[in-house]
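Heads up, the sequence shown is in UniProt numbering, so the first residue is 52 and it goes up one at a time. Beta carbons are placed, not taken as given, at the ideal position from N, Cα and C, and that holds for glycine. Let me begin by presenting the structure, written as structure tokens, before commenting on it.
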Amino acid sequence: VFAHLVRAPEDPILGVTLAYNKDPSPVKLNLGVGAYRTEVTMLFSVFCYVDYRRLCERYSLCCLVHQEGKPLVLNVVRLWNGNSSVTPLSFCIICRARNKEYLPITGVADFNKLSAQLIFGADSPAIQESRVTTVQCLSGTGSLRVGGEFLAKHYHQRNIYLPQPTWGNHPKVFTLAGLTVQTYRYYAPATRGLDFQGLMEDLGAVPSGSVIMLHACAHNPTGVDPTPEQWEEIRKLIRSKALLPFFDSAYQAMFCLHFFALSIVDHEHTRIYLHYGFASGSLDKDAQPVRSFVADGGELLVAQSYAKNMGLYGERVGALSIVCKSADVASKVESQLKLVIRPMYSNPPIHGATIVAAVLKDSDLFNEWTIELKEMADRIISMRQQLFDALHARGTPGDWSHIIKQIGMFTFTGLNSEQVSFMTREYHIYMTSDGRISMAGLSSKTVPHLADAIHAAVTK
Ligand code: PMP
Numbered sequence: 052v053f054a055h056l057v058r059a060p061e062d063p064i065l066g067v068t069l070a071y072n073k074d075p076s077p078v079k080l081n082l083g084v085g086a087y088r089t090e091v092t093m094l095f096s097v098f099c100y101v102d103y104r105r106l107c108e109r110y111s112l113c114c115l116v117h118q119e120g121k122p123l124v125l126n127v128v129r130l131w132n133g134n135s136s137v138t139p140l141s142f143c144i145i146c147r148a149r150n151k152e153y154l155p156i157t158g159v160a161d162f163n164k165l166s167a168q169l170i171f172g173a174d175s176p177a178i179q180e181s182r183v184t185t186v187q188c189l190s191g192t193g194s195l196r197v198g199g200e201f202l203a204k205h206y207h208q209r210n211i212y213l214p215q216p217t218w219g220n221h222p223k224v225f226t227l228a229g230l231t232v233q234t235y236r237y238y239a240p241a242t243r244g245l246d247f248q249g250l251m252e253d254l255g256a257v258p259s260g261s262v263i264m265l266h267a268c269a270h271n272p273t274g275v276d277p278t279p280e281q282w283e284e285i286r287k288l289i290r291s292k293a294l295l296p297f298f299d300s301a302y303q304a305m306f307c308l309h310f311f312a313l314s315i316v317d318h319e320h321t322r323i324y325l326h327y328g329f330a331s332g333s334l335d336k337d338a339q340p341v342r343s344f345v346a347d348g349g350e351l352l353v354a355q356s357y358a359k360n361m362g363l364y365g366e367r368v369g370a371l372s373i374v375c376k377s378a379d380v381a382s383k384v385e386s387q388l389k390l391v392i393r394p395m396y397s398n399p400p401i402h403g404a405t406i407v408a409a410v411l412k413d414s415d416l417f418n419e420w421t422i423e424l425k426e427m428a429d430r431i432i433s434m435r436q437q438l439f440d441a442l443h444a445r446g447t448p449g450d451w452s453h454i455i456k457q458i459g460m461f462t463f464t465g466l467n468s469e470q471v472s473f474m475t476r477e478y479h480i481y482m483t484s485d486g487r488i489s490m491a492g493l494s495s496k497t498v499p500h501l502a503d504a505i506h507a508a509v510t511k
């Protein structure tokens, strides 16, 4: 009965990995999917980990030395249990959990509360006034989809405006949710920066009440974010036209340089203590655009993902929050969200949300998480510098300063699809056809190979 079907094309992002997996070349490099990969961990950070936490004596040095280019499970997720074996925190938590019963439709209550605090701030007036409803969803994608379905069912406007370009899955998620996808100008290829004027003109022209999708930070795929001043102008315009902001927060705290660090060397115990900004770190900084829209008292939606910032890609853990005008409206919204979720997947999985709740709740684990976030962010920033330097050293034609100016997991290289195909064919380097490369997939060892390939692609 299905013989009439035509073969569907592979997903443009996930399909890159499938092609990569089939390539037998020993020098192949996958820069397609946005997943963090390791460099060899530096000794300095090993000392930090060993000495930072109360449980420090029980840590093992060797478990902190990562192999290069491998997927990373964060130490807050995988803890050393002191019995000469590595026990994932997730396993301990699940052992402690009394049962594996169904969760409520809205998920783990603690996880929802802590997720709202993470994005809005613990002292957010919207939380204190119970004007926020948060539901656990299937990572960022699931949160966007539930939000989209809810809007299609209950909001008076069907148009949702996405930045051009945006993450490739956005248009599909919202179209299938029942919304009509439109775009607004965002990126200026000529400057490889924000097309702020185009953005303001386009948002100024959309029908009043439309939904506007905004990347909360580290815009994917361009790595170009508005400045705080530009965010303020965007906010004023959105509010003046009664547009409804829908934030996608898939990269909170992963890639900014806003951590402050205070190191104290304790000679007596030959230990180094590192204290990262608990309340003023990049977790807060990256949430600032969202918080400014909450501070003005207006409504908004936000989809959060813990795939990247907690390395829980496959656990599918995320949250959708809707900020309302009153506690009464928020509780009605929650009741309707349950009607969206129940026929879709009934209730979310228990495992990932329990891990996230444990990390967000415990101040030691939370602090350690911020250290690991910083380590990931620093490595990616170092990859940017190394790639820029390598192209400079080769005298590769063109201005490559956008590699160090852009932020986040990706560099939007400006390479065209023909150049991308050439690099895949001749150098076994895999990336999306729009020239986006995941900096998190690079290591010091593979930078020269990539630089050679880019140089050959632009000079051929
Ligand atoms: N939004 C953006 C902008 C993304 O880049 C991603 C992941 N690539 C997601 C949402 C969703 O990711 P996930 O469903 O894995 O949390």
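Rounded separation between residue i and residue j - CA only
i	j	result
leucine 442	glutamine 248	31 Å
serine 397	glutamine 187	12 Å
leucine 195	threonine 483	22 Å
aspartate 102	glutamate 419	In this predicted model, aspartate 102 has a pLDDT of only 41, less than 50, meaning its place in the structure is not dependable; the value taken from the coordinates is given anyway. Aspartate 102 and glutamate 419: Cα-Cα distance of roughly 11 Å.
methionine 434	leucine 82	12 Å
glycine 193	valine 353	12 Å
glutamate 61	aspartate 174	44 Å
alanine 304	alanine 404	18 Å
arginine 393	proline 155	10 Å
leucine 308	aspartate 347	With a pLDDT of 42 at leucine 308, under the threshold of 50, the modelled position of this residue cannot be trusted, and the question is left open.
residue 513	glycine 191	There is no way to answer for residue 513, as the model of the chain reaches only from 52 to 511.
aspartate 413	threonine 278	33 Å
valine 52	arginine 58	15 Å
valine 368	valine 128	14 Å
tyrosine 481	tyrosine 71	6 Å
lysine 376	valine 197	20 Å
histidine 500	isoleucine 211	41 Å
tyrosine 100	threonine 497	Caution applies to tyrosine 100, whose pLDDT of 43 falls short of 50 and renders its modelled position unreliable; the model cannot decide the point.
asparagine 150	serine 76	46 Å
threonine 447	leucine 466	13 Å
valine 257	glutamate 119	47 Å
glutamate 469	lysine 164	47 Å
aspartate 246	tyrosine 238	5 Å
Enclosing beta strand (DSSP E) for residue i [first to last residue]
i	result
glycine 369	368-374
residue 549	With the chain covering only 52 through 511, there is no way to say anything about residue 549.
glutamine 215	210-215
arginine 236	231-236
histidine 270	Counting along the chain, histidine 270 falls outside any beta strand (DSSP E), and DSSP gives it neither H nor E.
phenylalanine 53	Counting along the chain, phenylalanine 53 falls outside any beta strand (DSSP E), and DSSP gives it neither H nor E.
valine 186	183-189
Limits of the unbroken alpha helix (DSSP H) element including residue i
i	result
methionine 474	468-478
valine 345	333-346
glutamine 248	247-256
leucine 501	498-510
proline 240	Where proline 240 is concerned, there is no enclosing alpha helix (DSSP H), given that its DSSP letter is neither H nor E.
aspartate 161	160-171
serine 291	279-291
valine 224	221-228
isoleucine 178	176-179
Which listed residue (the options) has its alpha carbon closest to that of residue i
i	options	result
glutamate 423	Leu125, Gly486, Leu65	Leu125
residue 24	Thr157, Asp276, Ala491, Leu334	Residue 24 falls outside the range modelled here, since the chain spans only 52 to 511, and no answer is possible.
tyrosine 302	Gly244, Leu363, Ala293, Glu283	Leu363
glycine 486	His55, Ala59, Val67, Leu56	Val67
serine 489	Gly446, Leu438, Leu416	Leu438
residue 29	Ser261, Ile431, Pro222	In the structure as shown, the chain starts at 52 and stops at 511, and residue 29 therefore has no counterpart that could be examined.
threonine 185	Pro399, Ala370, Lys287	Ala370
isoleucine 454	Val368, Glu152, Thr475, Val275	Val275
glutamate 426	Ala54, Val78, Arg88, Ser76	Arg88
alanine 167	Leu189, Lys73, Gln355	Gln355
lysine 336	Gly365, Ser300, Glu469	Ser300
leucine 169	Thr421, Val232, Ala86	Thr421
methionine 251	Arg290, Gly219, Gly120	Arg290
threonine 234	Arg342, Ala177, Ile263	Ile263
aspartate 450	Lys79, Leu254, Ile505	Ile505
alanine 444	Arg209, Ser468, His402, Asp503	Asp503
arginine 476	Ala507, Glu200, Ser343, Pro240	Ala507
residue 20	Leu334, Lys73, Leu165, Arg243	One cannot answer for residue 20 here, as it falls past the ends of the chain, which runs 52 to 511.
proline 400	Phe417, Ala54, Glu152, Gly219	Glu152
glycine 459	Leu265, Asp429, Glu283	Asp429
residue 533	Tyr357, Asp74, Val232	In the structure as shown, the chain begins at 52 and stops at 511. Residue 533 is therefore absent and cannot be evaluated.
threonine 226	Arg236, Asp246, Gln215, Glu200	Glu200
Below-7 Å beta-carbon distance, residue i vs any chain D residue
i	result
isoleucine 289	Absent here is chain D; the protein component of the structure consists of one chain.
Beta-carbon separation (whole angstroms), residue i vs residue j, contact threshold 8 Å
i	j	result
histidine 207	glutamine 387	No, histidine 207 and glutamine 387 are not in contact; Cβ-Cβ is about 15 Å, not under 8 Å.
valine 407	phenylalanine 162	6 Å
glutamate 350	leucine 295	6 Å
alanine 338	alanine 267	7 Å
glutamine 259	lysine 292	Reading the sequence as shown, one finds serine at residue 259 and not glutamine. Confirmed, Cβ separation roughly 5 Å.
threonine 157	lysine 389	6 Å
Minimum length 4: unbroken alpha helix (DSSP H) runs contained in the region 371-432 = The qualifying runs are 378-396, 402-412.
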